[in-house]
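Undergrad: In the order they appear, the protein sequences are chains L and P.
Numbering of the first sequence is given in numbering that gives the first Met the number 0, commencing with residue 0 and proceeding in unit increments.
Numbering of the second sequence is given in numbering that gives the first Met the number 0, commencing with residue 0 and proceeding in unit increments.
From the three backbone atoms N, C-alpha and C, an ideal C-beta is built for every residue, glycine too.
Number of protein chains: 2
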Amino acid sequence: MGDTLPDFAAVVAAAGRLKGRVRRTPVMHADRFDERAGRRVVFKCENLQTGGAFKYRGALNALLTLPPDAGITRVATHSSGNHGTALALAARSLGLECTVVVPAGAARPKVAAIEAAGGRIVHCEAGTAAREAALAALLAREPAHVVHPYDDADVIAGQGTAALELLSEPMDFDTVIAPVGGGGLIGGTALVARGLLGECTVIAAEPAAADDAFRSFTSGRRVGVGATDTIADGLRASIGVRNFELLRRDVDEVVTVSEAEIVAAMRLVLEDLKLLIEPSSAVAVAAVLSRRATRLGEQVGVILSGGNIDLDQCPFLAGRA
Amino acid sequence: MGDTLPDFAAVVAAAGRLKGRVRRTPVMHADRFDERAGRRVVFKCENLQTGGAFKYRGALNALLTLPPDAGITRVATHSSGNHGTALALAARSLGLECTVVVPAGAARPKVAAIEAAGGRIVHCEAGTAAREAALAALLAREPAHVVHPYDDADVIAGQGTAALELLSEPMDFDTVIAPVGGGGLIGGTALVARGLLGECTVIAAEPAAADDAFRSFTSGRRVGVGATDTIADGLRASIGVRNFELLRRDVDEVVTVSEAEIVAAMRLVLEDLKLLIEPSSAVAVAAVLSRRATRLGEQVGVILSGGNIDLDQCPFLAGRA
Numbered sequence: 000m001g002d003t004l005p006d007f008a009a010v011v012a013a014a015g016r017l018k019g020r021v022r023r024t025p026v027m028h029a030d031r032f033d034e035r036a037g038r039r040v041v042f043k044c045e046n047l048q049t050g051g052a053f054k055y056r057g058a059l060n061a062l063l064t065l066p067p068d069a070g071i072t073r074v075a076t077h078s079s080g081n082h083g084t085a086l087a088l089a090a091r092s093l094g095l096e097c098t099v100v101v102p103a104g105a106a107r108p109k110v111a112a113i114e115a116a117g118g119r120i121v122h123c124e125a126g127t128a129a130r131e132a133a134l135a136a137l138l139a140r141e142p143a144h145v146v147h148p149y150d151d152a153d154v155i156a157g158q159g160t161a162a163l164e165l166l167s168e169p170m171d172f173d174t175v176i177a178p179v180g181g182g183g184l185i186g187g188t189a190l191v192a193r194g195l196l197g198e199c200t201v202i203a204a205e206p207a208a209a210d211d212a213f214r215s216f217t218s219g220r221r222v223g224v225g226a227t228d229t230i231a232d233g234l235r236a237s238i239g240v241r242n243f244e245l246l247r248r249d250v251d252e253v254v255t256v257s258e259a260e261i262v263a264a265m266r267l268v269l270e271d272l273k274l275l276i277e278p279s280s281a282v283a284v285a286a287v288l289s290r291r292a293t294r295l296g297e298q299v300g301v302i303l304s305g306g307n308i309d310l311d312q313c314p315f316l317a318g319r320a
Numbered sequence: 000m001g002d003t004l005p006d007f008a009a010v011v012a013a014a015g016r017l018k019g020r021v022r023r024t025p026v027m028h029a030d031r032f033d034e035r036a037g038r039r040v041v042f043k044c045e046n047l048q049t050g051g052a053f054k055y056r057g058a059l060n061a062l063l064t065l066p067p068d069a070g071i072t073r074v075a076t077h078s079s080g081n082h083g084t085a086l087a088l089a090a091r092s093l094g095l096e097c098t099v100v101v102p103a104g105a106a107r108p109k110v111a112a113i114e115a116a117g118g119r120i121v122h123c124e125a126g127t128a129a130r131e132a133a134l135a136a137l138l139a140r141e142p143a144h145v146v147h148p149y150d151d152a153d154v155i156a157g158q159g160t161a162a163l164e165l166l167s168e169p170m171d172f173d174t175v176i177a178p179v180g181g182g183g184l185i186g187g188t189a190l191v192a193r194g195l196l197g198e199c200t201v202i203a204a205e206p207a208a209a210d211d212a213f214r215s216f217t218s219g220r221r222v223g224v225g226a227t228d229t230i231a232d233g234l235r236a237s238i239g240v241r242n243f244e245l246l247r248r249d250v251d252e253v254v255t256v257s258e259a260e261i262v263a264a265m266r267l268v269l270e271d272l273k274l275l276i277e278p279s280s281a282v283a284v285a286a287v288l289s290r291r292a293t294r295l296g297e298q299v300g301v302i303l304s305g306g307n308i309d310l311d312q313c314p315f316l317a318g319r320a
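#1: Touch check for the region 138-156 of chain P and the region 285-295 of chain L: three-plus C-beta pairs under 8 Å?
#2: Give me the DSSP bridge partner(s) of L:P206.
#3: Decide if the region 114-122 of chain L is in contact with the region 10-29 of chain L; the criterion is three or more beta carbon pairs, one per stretch, under 8 Å apart.
#4: Quick check on P:K273: does DSSP put it in helix, strand or coil?
#5: Between L:E114 and chain P, is any beta-carbon pair separated by less than 8 Å?
#6: Verify the CB distance criterion: does P:R266 have a CB-CB separation below 8 Å to chain L?
#7: Restricting to Cα atoms, I'd like to know which of L:L86, L:T293, L:L267 is closest to L:R35.
#8: Would you mind telling me which residues of chain P sit closer than 8 Å to L:N46, beta carbon to beta carbon, in chain order?
#9: Please classify L:L218 as buried or exposed, where buried requires at least 16 neighbouring CB atoms within 10 angstroms.
#10: Mapping the DSSP letters down to three states, classify P:I120 as helix, strand or coil.
#11: With H, G and I counted as helix, E and B as strand and the rest as coil, what does DSSP make of P:V100?
#12: Would you say L:A61 and L:G80 are within 8 Å of each other, going by their C-beta atoms?
#13: Would you report the Cα separation of P:L138 and P:C123, rounded to the nearest angstrom?
#14: Going by other Cβ atoms of all chains shown within 10 Å of its Cβ, with 16 needed for buried, is P:K18 buried or exposed?
#15: If distances are taken between C-alpha atoms only, which option among P:V175, P:G50, P:L195 comes closest to P:N307?
#16: Output the distance between the C-alpha atoms of P:L196 and P:I71, rounded to the nearest integer angstrom.
#17: Measuring straight from C-alpha to C-alpha, what distance separates L:T64 and L:V154?
#18: What residue range is occupied by the uninterrupted beta strand (DSSP E) comprising L:I113?
#19: Rounded to whole angstroms, what is the Cα-Cα separation between P:P278 and L:D311?
#20: Does the beta carbon of P:G300 come closer than 8 Å to any beta carbon on chain L?
#21: Taking C-beta pairs closer than 7 Å, name the residues in chain P that L:P25 reaches, listed in chain order.
#22: At a Cβ cut of 7 Å, what residues of the region 269-294 of chain L count as close to chain P, listed as they run along the chain?
#23: P:Q298: which of P:V10, P:F42, P:G187, P:P5 sits nearest, CA to CA?
#24: Shorter than 8 Å from the beta carbon of P:G37 to some beta carbon of chain L?
#25: Does the separation of the CB atoms of L:V175 and L:L166 fall below 8 Å?
#26: Answer yes or no: do L:G186 and L:L246 have a C-beta to C-beta separation smaller than 8 Å?
#27: Can you tell me which residues form a DSSP beta bridge with P:R73?
#28: With which residues is L:V145 paired in a DSSP beta bridge?
#29: Is the Cβ-Cβ distance between P:K54 and P:A85 less than 8 Å?
#30: So within the region 7-89 of chain P, which uninterrupted beta strand (DSSP E) runs reach at least 3 residues, ignoring any that extend past its ends?
#31: Rounding to the nearest angstrom, what Cα-Cα distance links L:R241 and L:A112 in this structure?
#32: Counting only beta-carbon atoms, is L:A310 nearer than 8 Å to chain P?
#33: For P:A236 versus P:G181, is the C-beta spacing smaller than 8 Å?
#34: Whose C-beta lies closer than 6 Å to the C-beta of L:F7 among residues of the same chain, with five residues either side of it excluded?
#35: Looking only at its chain, what residues have a beta carbon closer than 6 Å to the beta carbon of L:C313, apart from the 5 residues adjacent to it on each side?
#36: Can you tell me which residues form a DSSP beta bridge with P:V250?
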């Protein structure tokens, strides 16, 4: 299942599978934010999802689609944090063991959360190549079922269920925006926008400091990103193969934002919506505020992907604990 | 109406009046917070209410109960912030003018919010006596209908609607906690706990640095508080006459917390629930975490009163904007 390209029906099936197992997170808005943005903007609060990020949807969907007779007892992945926590939580709920390869530079609370969820951690250098090499080395030592953080049809379908809930709200969405890193969230979101609404503009938001999706989208050829120090730690991965196919086919535009714009957006969401979001989520918010997209509409849905940050490290939240 | 002592029926009537006009704010929880607290704790998110605080409920209820034929075109109050914003918003929604007496030391964004809501501001010194004197002087110049921030039956009844929503959730509440300043929120909350649940323990949480409610409750005589610099800027007022009657009759315990406990609680709510709350809200959270209450149960409802803070002034959120 995980090897094919998912479709809208796969997202709907995932939603049925996940019902009662993932939180139907709230959808929020704030008049003051709308004034700043010059349009109606509603936020899907996946920062309030189990594990503090949308990742639980994809990880759990991937595990729930495993053949029951395959005898799988151990799962593994590489992750800068949220997918690792999500997979550990999903594995624990199903009685499986979980090991997570974590690259250097991962946010400290995310690593702690993986451990708190019962996941075993293996450290590696930063960057997609190093992550994959470390995972391969791990598997050579101890076989496990790998759940890729984004380049997997079941993971993408699971992530799409957030957009399915959002775009089912009673509002005439003309635009939906999600951040893009590896591309699991934007891939699932695009499937839903096309399958459910058809005419909705789909915008992927990316840090300019890790703009492989932008360059891939523009050039038509999937390019990777090396080690990057964007504050949006969840978006440092290179876009996946399946994810690039969906990006190319179903996404209308990729907008890049600066590090300063990301930090400013985090702060505005805290002020206006009283919500703590992580920098990766703020990338999508910053894309709205920048008005840089050529097809940004008037009724915008934004997926807030997660809320796991180290308060002591946050640029405007200096630690004095 | 505003001069009598409100009852549970008044809260139910207020809920009917406010339906569709105030937000039914979400009720949230976090497993991680429950682990810290050693019990189940759910939060009523009035920081997400219109105006960023529960105050909109009471202010709007007070204006909606005005006789339509009284010819009132101007309202006024004194407020350290949230009630002022709430009254200005409620007045604007009904086509009335609003003036707010604001004491020195009020949080900057709260003052800005009053102005943004169309309220006119008159400054005065800090402290209950100074606030009342300045309001009296204002009224001598220009007559207006005064909506007291807490010592008013319609205001108390309106504030109680937050607890009515919270305690109607499908959970076996054995404890409800709200902060106490002037006593509008705790008064309405206590009415609901008694009227709806009967057996529920009602705990008022107060900063030790402004412990007039604690001293009044303990001594049986209403005592005032002078100017205080507790970080919980919404709780600097002295408890009102009606509010003290309800406190004495329907509240089981008053718990005081330190300034450091307040700050730590703000941070934990941000980390665990991804929610920004103001220090006054954190007082109730700190009361739970302190385990200082003798009758703290296992199924606890906490009212998060508001979320309006100056991020640049917040102790662990130092400004580098």
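TA: Quick look at the numbers:
#1: Too few Cβ pairs lie closer than 8 Å, so no.
#2: Start at 1 with the first residue of the first sequence, and residue 206 of chain L comes out as number 207. DSSP lists L:V256 as the bridge partner or partners of L:P206.
#3: In short, these stretches do not touch, since the Cβ pair count stays below three.
#4: In the second sequence, residue 273 of chain P corresponds to position 274, counting from 1. Per DSSP, reduced to three states, the secondary structure at P:K273 is coil, with no helix or strand assignment.
#5: Residue numbering aside, residue 114 of chain L sits at position 115 when the first sequence is read from its first letter. Cβ-Cβ to chain P under 8 Å: no for L:E114.
#6: Numbered from 1 along the second sequence, position 267 holds the residue referred to as residue 266 of chain P. Answer yes: the Cβ-Cβ gap between P:R266 and chain L drops below 8 Å somewhere.
#7: Your numbering for residue 35 of chain L matches position 36 in the first sequence. Comparing Cα-Cα distances from L:R35 to each of L:L86, L:T293, L:L267, the minimum goes to L:L267.
#8: Mapped onto the first sequence, residue 46 of chain L falls at position 47. For L:N46, the chain P residues whose Cβ falls inside 8 Å of its Cβ are K273, in order along the chain.
#9: The residue given as residue 218 of chain L occupies position 219 in the first sequence. The sequence given here places Ser at residue 218 of chain L; Leu does not occur at that position. A residue is called buried once 16 or more other Cβ atoms fall within 10 Å of its Cβ, and L:S218, having fewer, is exposed.
#10: Translated into the one-based positions of the second sequence, residue 120 of chain P becomes position 121. Annotated three-state conformation of P:I120 is strand, per DSSP.
#11: On the second sequence, residue 100 of chain P is found 101 positions in, with the first residue counted as 1. Residue state, collapsed to three classes: strand.
#12: Looking up residue 61 of chain L in the first sequence gives position 62. Looking up residue 80 of chain L in the first sequence gives position 81. Result no, Cβ atoms of L:A61 and L:G80 do not sit closer than 8 Å.
#13: Within the second sequence, the letter at position 139 stands for residue 138 of chain P. Within the second sequence, the letter at position 124 stands for residue 123 of chain P. Here the C-alpha atom of P:L138 lies approximately 14 Å from the C-alpha atom of P:C123.
#14: Taking the second sequence and counting its residues from 1, one reaches residue 18 of chain P at position 19. Its Cβ having fewer than 16 others within 10 Å, P:K18 is exposed.
#15: What you label residue 307 of chain P is simply residue 308 of the second sequence in a count that begins at 1. Of the candidates P:V175, P:G50, P:L195, the one whose C-alpha sits nearest the C-alpha of P:N307 is P:G50.
#16: Numbered from its first residue, the second sequence carries residue 196 of chain P at position 197. Numbered from its first residue, the second sequence carries residue 71 of chain P at position 72. Cα-Cα distance, rounded: 38 Å.
#17: The residue given as residue 64 of chain L occupies position 65 in the first sequence. The residue given as residue 154 of chain L occupies position 155 in the first sequence. Going by C-alpha positions, L:T64 is about 10 Å away from L:V154.
#18: Counting from one through the first sequence, the residue named residue 113 of chain L turns up at place 114. Per DSSP, L:I113 belongs to no beta strand (DSSP E); it is in the alpha helix (DSSP H), 107-115.
#19: As a position in the second sequence, residue 278 of chain P is number 279, starting the count at 1. As a position in the first sequence, residue 311 of chain L is number 312, starting the count at 1. Between the alpha carbons of P:P278 and L:D311 lies a distance of about 19 Å.
#20: Within the second sequence, the letter at position 301 stands for residue 300 of chain P. Not a single CB atom of chain L sits nearer than 8 Å to the CB of P:G300.
#21: Counting from 1 along the first sequence, the entry for residue 25 of chain L is found at position 26. Per Cβ cutoff of 7 Å: P25.
#22: Going along the region 269-294 of chain L in chain order, one finds L269, E270, K273, L274, L275 with a Cβ nearer than 7 Å to chain P.
#23: For the purposes of this step, residue 298 of chain P is taken as residue 299 along the second sequence, with counting starting at 1. Considering only alpha carbons, the answer is P:F42.
#24: In the second sequence, residue 37 of chain P corresponds to position 38, counting from 1. At a cut-off of 8 Å between beta carbons, P:G37 makes no contact with chain L.
#25: Numbered from 1 along the first sequence, position 176 holds the residue referred to as residue 175 of chain L. Numbered from 1 along the first sequence, position 167 holds the residue referred to as residue 166 of chain L. At the C-beta level, L:V175 and L:L166 come within 8 Å of one another.
#26: Working through the first sequence from its first residue, we reach residue 186 of chain L at position 187. Working through the first sequence from its first residue, we reach residue 246 of chain L at position 247. Cβ distance < 8 Å, so L:G186 and L:L246 count as in contact.
#27: The residue given as residue 73 of chain P occupies position 74 in the second sequence. Beta-bridge pairing links P:R73 to P:E96.
#28: If you number the first sequence from 1, residue 145 of chain L lands on position 146. DSSP lists L:A75 as partners of L:V145.
#29: Taking the second sequence and counting its residues from 1, one reaches residue 54 of chain P at position 55. Taking the second sequence and counting its residues from 1, one reaches residue 85 of chain P at position 86. Contact flag set, yes.
#30: Within the region 7-89 of chain P, the runs of beta strand (DSSP E) at least 3 residues long that lie entirely inside it are, in chain order, 39-44, 73-77.
#31: Taking the first residue of the first sequence as 1, we reach residue 241 of chain L at position 242. Taking the first residue of the first sequence as 1, we reach residue 112 of chain L at position 113. If I take the Cα positions, the gap works out to 28 Å.
#32: Against the first sequence, residue 310 of chain L aligns to sequence position 311. Reading off the sequence shown, one finds Leu at residue 310 of chain L, where the question assumed Ala. Yes, because at least one Cβ of chain P sits closer than 8 Å to the Cβ of L:L310.
#33: Taking the first residue of the second sequence as position 1, residue 236 of chain P is located at position 237. Taking the first residue of the second sequence as position 1, residue 181 of chain P is located at position 182. Their beta carbons are under 8 Å apart, which means P:A236 touches P:G181 by this criterion.
#34: For the purposes of this step, residue 7 of chain L is taken as the residue at position 8 of the first sequence. Apart from the 5 residues on each side of it in sequence, L:F7 sits with its Cβ closer than 6 Å to the Cβ of L190, G194 in its chain, given in chain order.
#35: Taking the first residue of the first sequence as position 1, residue 313 of chain L is located at position 314. Correct list: empty, nothing qualifies.
#36: Indexing the second sequence from 1 puts residue 250 of chain P at position 251. Paired residue(s): none; P:V250 is not in a bridge.
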